[in-house]
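Here the numbering used here is used: position 159 in the sequence shown is 267, and no number is missing along the way. Positions of the beta carbon are idealized from the N, C-alpha and C atoms, including for glycine.
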Amino acid sequence: MSPYTRPSIAPQVFVDADGQVIDYGHRWSDSPPTEAYSVTVHPERYAPLHAVAAALIDHLRLTYDVEVDEGAHVVADLLAAPSWDVPRAVRVRPRDPECAPLTFVLTAFPGVMVHAGLLQDFPYPLCGCDACDTTWQREADELEEHVFAVVSGNCSESVERRDGEPAAWYQVRYPNGSSGGSSSATTIEPGHLAAAERVLDQLPSGWAAWPRRRETAEGESAT
């Protein structure tokens, strides 16, 4: 199987109210103006993230020993329902239960939400307002980096108690660093949280790397 390649995306040009081309990613030399917060004039600039997510899904399906489930029902994997309509949702689950599954939820914003493992959701973009001024390329970089960290087994989760309240922790390791954090797990359905905790207790070293698909002598994927 060929290595993953990001799909080719045609250049995008967006203009402001004065007809000037907007240089996303370099708009604000100082702090953004107050009116730029909570406003997204051109959300369509993130549309390429759908193509990137589709390419990632295809690559994972063709490269690794996984089961793929597509449909509106997999949106329920997210810890919180998205605020936008969902044109496509796909769960990619390794057959090895020690490997973290990934669910891709493509929203009409347009953006991508990724449910990784059991207790973590990651949105791309995180905000998308004009003040944040991110580009789709930067968001795609982070999306791809996170997906392949999960696939390579460089992620871990745990449930811990803080002042008697459950918190969901995660850590993701990248070639040039790591990220991690925690969030309150009090809104997670207790049965789901307990089931996740039982699984994670069996993975003290974190999630395992995804096994690749086996190939038959004829060069076709084994079933």
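- Between D249 and P233, the alpha-carbon positions lie close to 11 Å from each other.
- Residue environment analysis places C235 among the exposed positions, since fewer than 16 neighbouring C-beta atoms fall within 10 angstroms of its C-beta.
- Cβ contact annotation for P115 (same chain, cutoff 6 Å, sequence separation greater than five): A159, A163, in chain order.
- For D166, the uninterrupted alpha helix (DSSP H) segment begins and ends at 156-171.
- By the Cβ-count criterion, A161 is buried, with 16 or more other Cβ atoms from all chains shown falling within 10 Å of its own Cβ.
- Contact check between the segment 193-202 and the segment 129-143: fewer than three CB pairs, one atom from each, fall below 8 Å, which does not count as touching.
- For F212, the secondary structure class from DSSP, reduced to helix, strand or coil, is strand.
- Remark: C-beta atoms of E268 and A257 do not approach each other more closely than 7 Å.
- When DSSP states are grouped into helix, strand and coil, V121 belongs to the coil group.
- For V280, no alpha helix (DSSP H) run applies; the uninterrupted beta strand (DSSP E) run containing it begins and ends at 273-282, by DSSP.
- The Cβ neighbour count for F212, taken over all protein chains shown within 10 Å, is at least 16; the residue is labelled buried.
- Here the alpha carbon of Y112 sits roughly 22 Å from the alpha carbon of W315.
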